[in-house]
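Report on one structure; see the data block that follows.
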Amino acid sequence: MSNVDISNLSVLELEKLKGSIESAIANRRDGELLSLREAIEDMVERSGFTLEEVIEVMQSRPAKKRIVKAKYSNPNNPEQTWSGRGRKPGWVEEWISGGRDLNDCLIPE
Numbered sequence: 001m002s003n004v005d006i007s008n009l010s011v012l013e014l015e016k017l018k019g020s021i022e023s024a025i026a027n028r029r030d031g032e033l034l035s036l037r038e039a040i041e042d043m044v045e046r047s048g049f050t051l052e053e054v055i056e057v058m059q060s061r062p063a064k065k066r067i068v069k070a071k072y073s074n075p076n077n078p079e080q081t082w083s084g085r086g087r088k089p090g091w092v093e094e095w096i097s098g099g100r101d102l103n104d105c106l107i108p109e
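Have a look at this one:
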């Protein structure tokens with residue numbers, strides 16, 4: 001990837017560059033999707049199944065969720081845990097707003 005100095009470009013030049021980049025991304029995306037489709041069709045053909053069968057199976061099964069190990073537990077109620085990802089549960093918010101350190105809630109490994 002080459003380093004291009006855009007710091008001296010005018011707003012008009014930057015807008016043109018932005019348009020060129022967006023167009024290049026759209027073209028690349030279309031090409032990669034087409035290649036992916038062809039690869040999938042080849043795999044399906046070699047498998048002996050139809051694309052419709054594969055899609056039906058994919059739609060009938062919910063996506064597998066990765067279960068993330070809890071990283072924190074509520075010292076006042078160890079059954080309440082949090083992985084440290086996503087929105088903080090109420091007990092974490094209360095703990096922090098009470099001026100306490102979240103590291104005190106770490107579950108030892």
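Note that full-length UniProt numbering has the sequence shown beginning at 1, numbered continuously upward. Just so you know, even glycine gets a beta-carbon here, dropped at the ideal spot from N, CA and C. Fair warning: this is a prediction, and the values are worked out from it, not measured in the lab.
Compare the Cα-Cα distances from LEU57 to each of VAL44, ARG66, ILE67, VAL68 and report the closest residue. Sequence check: residue 57 is Val here, not Leu. That would be VAL44, whose Cα lies nearest to the Cα of VAL57.
Short Cβ contact (8 angstroms threshold) for VAL89 with TRP82: Reading off the sequence, residue 89 comes out as Pro, not Val. Closer than 8 angstroms, so yes.
Along the chain, where does the alpha helix (DSSP H) containing ASN77 start, and where does it finish? Not the alpha helix (DSSP H): ASN77 falls in the beta strand (DSSP E), residues 77–82.
Below 7 angstroms CB to CB, which residues in the same chain sit around SER23 once its five sequence neighbours on both sides are set aside? Hits under 7 angstroms: none found.
Taking only beta-carbon positions, decide if GLU53 is within less than 8 angstroms of chain D. Judged by its chain identifiers, the structure shown contains no chain D, having just a single protein chain.
Which of the three DSSP states, helix, strand or coil, is assigned to LEU14? helix
Rounded C-beta distance between LEU12 and ILE6? I'm assuming under 8 angstroms. Going by Cβ atoms, the distance from LEU12 to ILE6 rounds to 13 angstroms, so no, they are not a contact pair.
Of the residues SER73, GLY98, ALA26, which one's Cα is nearest the Cα of GLY84? SER73
What does the alpha-carbon distance come out to for the pair ALA39 and ASN103? 48 angstroms
ASN8, DSSP secondary structure in three states: coil
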